[in-house]
Every structure is written in C-alpha cells, then in structure tokens.
Amino acid sequence: MGQVEVPTQKVKPSQTCPNCGHQKKKTLAEREHHCVNCGFHCDRDVAAAMVMLNYARGMERASSDADENTSTGVRKLQASFSVEASETHIERDSGCA
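The numbering of the sequence shown is the UniProt record's numbering, which starts it at 1 and goes up by one.
Structure (structure tokens):
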C-alpha cells in the first residue's frame with residue numbers, strides 16, 4: 001500500500017468535521033469535537049484522523065457551494081466515512097456519535 005501525504009495546513013484536520021466538512025477553530029484545551037453544523041460528536045484526535053482518512057481516500061472535493069466560513073473552500077462528501085468495520089471500531093473504542 002502506498003503512502004499519502006495530507007497537507008494539514010490546507011485540510012485542517014483538527015478543525016474540520018469528518019461528517020460534514022464544517023470548519024471551526026478550536027483551542028488546544030478542547031479535546032472533544034462537536035460539530036455545530038451537523039451534531040457529530042467524537043474525540044478530537046479521532047475526528048482529525050477520520051478527516052485525514054477521508055482525504056487519503058479521495059473523499060475531498062473543491063466545491064463552488066462549499067461553506068463560505070471555511071478557509072479552504074473544500075466540502076466533504078456526506079457519506080465519506082462509511083466503511084462498516086471502521087465505524088464499528090470507532091463507535092466502540094472512541095465514543096464517536
């Protein structure tokens with residue numbers, strides 16, 4: 001399997017919701033990801049890993065209808081993290097909802 005480099009300054013994994021792509025700045029003290037846009041809740045590090053996985057899988061796209069509040073103009077596909085085994089593992093081990 002090859003390697004994928006994620007441009008974190010562009011993708012901003014710790015500030016991006018892996019479910020809907022909404023971006024919101026967080027302080028380092030905020031350890032939980034809670035999306036005000038779609039309600040997705042998860043450990044911040046797990047959510048960031050999901051964003052990077054989505055990017056590596058090619059589930060990111062430039063969009064003219066992307067949220068104007070994002071600095072990258074990128075919108076995530078709604079069903080971007082839908083691998084059953086991964087969801088089961090994440091729900092059981094990390095408390096993502």
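For each residue, glycine too, the CB sits at the ideal point set by N, CA and C.
**Asked** Taking C-alpha atoms, which residue in Ala47, Thr8, Cys38, Cys20 lies nearest to Glu30?
**Response** Ala47
**Request:** Leaving out five residues on either side along the sequence, give the residues of the same chain with a beta carbon under 8 Å from the beta carbon of Cys35.
**Result:** Cys17, Asn19, Cys20, His22, Lys24, His41
**Item:** Closest residue to Asp43 among Tyr55, Pro13, Ala56 (Cα-Cα distance)
**Value:** Pro13
**Asked** Taking the alpha carbon of Asn37 as the point to measure from, which residue in Gln9, Ala49, Gln15, Val4 has its own alpha carbon closest?
**Response** Gln15
**Request:** Return the first residue and the last residue of the alpha helix (DSSP H) that Val11 is part of.
**Result:** 8–11
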